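Residue numbers (my numbering), protein chains in the order written: chain A, 662 to 909; chain B, 5 to 304. We put the beta carbon where it would ideally sit given N, CA and C, even for glycine. Computed from a predicted model, the values in this text were never measured in an experiment. What follows is a set of notes on a single structure, which appears directly below.
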């Protein structure tokens, strides 16, 4: 290993254990290591502020900050961009005993992270639906939809979309009202969250996985034999969620 | 040693007041005070259009699409803009994240900023990032690596970048260069400019006993393309923490006067990152800087 690589590995070890004796590495300045240990922890913990405002509201400021520090202590950063840090908070919360009494918290974190990714997703041009007119109706079954990177579909056994909306001025749901499919999308620069019906969700899930239209429909019909395909297509068009439509 | 960059600096001006100092300009920023642009202020800035000569911001906050980059593009229409990276970690022994450089490159292309800068630092061991500006060991090996890395960035961006001295809470016993000599040699060998952070030299003077004026004296006049000032906080044991969380202190204003005397009135930025006050407070602090700079230009 090069001397530089060795010095940087030694620095990493010092930051992980700042109270040990690091005089051979840093001489008389070794007491400064604590500052890096603190920076490393608080920079990452602070990065969660931006992505998880609803989680913060739900658990309170003090608890959220302790939680963020614990997440930072146990979760290394794998990106030079701190906006990419924090994506595993949902999984972390699922195993975090102090919030076991809030079983919907992990899914709320996953919803907020999907919104965070949507907020920073790349700008792309939206599909021009007038182009669809050139495709003969008998070939419609073979259409495949490419979704914009600023939308996401989630499922939770809890009404997380309704809870999220309540934190943004909506009505408070009853927690035992059951599962929700959640559509998350950036629209005009703002993140929107919507609970959608299970038949539409099943159809969208197939489409987002790359299935052609005809293969995505049966899953929706299993849930709702009256699945309103044309209304679902119209909603997709209105939502401006599609970047490109290919004919397979 | 890496070969010298094959491109030429982009900004060449016809007449320069202190031509013996800056035959080739390292940035296209006005020689006035600028302000660090932070997301919580961006809408107010666009609505009120304050009389600030230029803004600087971190490209990392504008990666991807959406509302942030749209707002920054609107700022760019009205003001000269500098992109000041915090994520490249150019001195990390492991190879840098190519995707990160590409994202910076696409922003540079999209915004055509008046300056691009990064830090004399490293940020990564293996796959793990510190998300911090860590001080380099000042060794020959580190210098050779940085020359290569700066060259690669300049070649990719096809422009001169500025490299900033960082604040430090430790120094390596392995150091064989003085910090400022190391930076000056990096500039000489890579062709980059220097972003002189006066506050960081002051923090290092207090924490590590390095002399800030001597450090400035070690930097060639022609390579300093921009200056930063900011405020620090003091830990219980007296160590200064470079938090950019307070107004600039008098000692740093005085060091800034010294810098302006030596390097001329180069574009100078007020940075504030934590305990972000109302925009009006920052504008007032920028005005203090403008006044001091004008006095300096008048007497200098």
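- For residue 784 of chain A, the neighbours in chain B by C-beta distance under 9 angstroms run, in chain order, 68, 69, 70, 73 and 74.
- Here residue 905 of chain A really is in contact with residue 807 of chain A; their C-beta atoms are around 4 angstroms apart, less than 8 angstroms.
- CA-CA distance, residue 246 of chain B to residue 206 of chain B, rounds to 10 angstroms.
- Close to residue 854 of chain A, with beta-carbon spacing below 7 angstroms, lies no residue of chain B; the smallest spacing is near 16 angstroms.
- DSSP, read as helix, strand or coil, puts residue 284 of chain B in helix.
- Residues of chain A with a Cβ closer than 7 angstroms to the Cβ of residue 35 of chain B do not exist; the shortest Cβ-Cβ separation is about 32 angstroms.
- Proximity to residue 293 of chain B across B/171, B/36 and B/176 peaks at B/36, based on C-alpha coordinates.
- Selection B/75, B/83, B/148 and B/202 evaluated against residue 663 of chain A yields B/148 as nearest (Cα-Cα).
- Judged by DSSP in its simplified three-state form, residue 209 of chain B adopts helix.
- If you compare the alpha carbons of B/51, B/269, B/179 and B/76 with that of residue 687 of chain A, the shortest gap goes to B/179.
- Buried is the label assigned to residue 183 of chain B, since at least 16 other Cβ atoms lie within 10 Å of its Cβ.
- Not flagged as an interface residue toward chain A: residue 109 of chain B, since no C-beta distance is shorter than 7 angstroms.
- Under the rule that a run must span 4 or more residues, the alpha helix (DSSP H) segments found entirely inside the region 53 to 106 of chain B read 71 to 82.
- In this structure, DSSP gives residue 777 of chain A a helical state, which the three-state scheme calls helix.
- A residue is called buried when at least 16 other Cβ atoms come within 10 angstroms of its Cβ; residue 833 of chain A does not meet this threshold and is exposed.
- Within the region 729 to 746 of chain A, those residues whose Cβ lies closer than 8 angstroms to any Cβ of chain B are, in chain order, 737, 738, 739, 740, 741, 742, 743, 744 and 746.
- Contact check for residue 259 of chain B against residue 202 of chain B passes: the beta carbons are separated by less than 7 angstroms.
- Linking residue 170 of chain B to residue 140 of chain B through their CA atoms gives a straight-line distance of about 9 angstroms.
- Under the DSSP assignment, residue 128 of chain B falls in the beta strand (DSSP E) whose first and last residues are 126 to 129.
- Looking at the DSSP output, residue 246 of chain B shares a beta bridge with no other residue.
- Annotated three-state conformation of residue 45 of chain B is helix, per DSSP.
- Those residues of the region 125 to 154 of chain B placed with their C-beta closer than 8 angstroms to a C-beta in chain A are 126, 127, 128, 129, 131, 132, 133, 134, 135, 136, 138, 141, 143, 145, 146 and 149, ordered along the chain.
- As for any alpha helix (DSSP H) of minimum length 4 sitting wholly inside the region 149 to 202 of chain B, the runs are 183 to 194, ordered along the chain.
- The DSSP-derived three-state label of residue 275 of chain B is coil.
- The residues 728 and 731, in chain order, have a CB closer than 8 angstroms to that of residue 757 of chain A in the same chain once the five nearest residues on each side in sequence are set aside.
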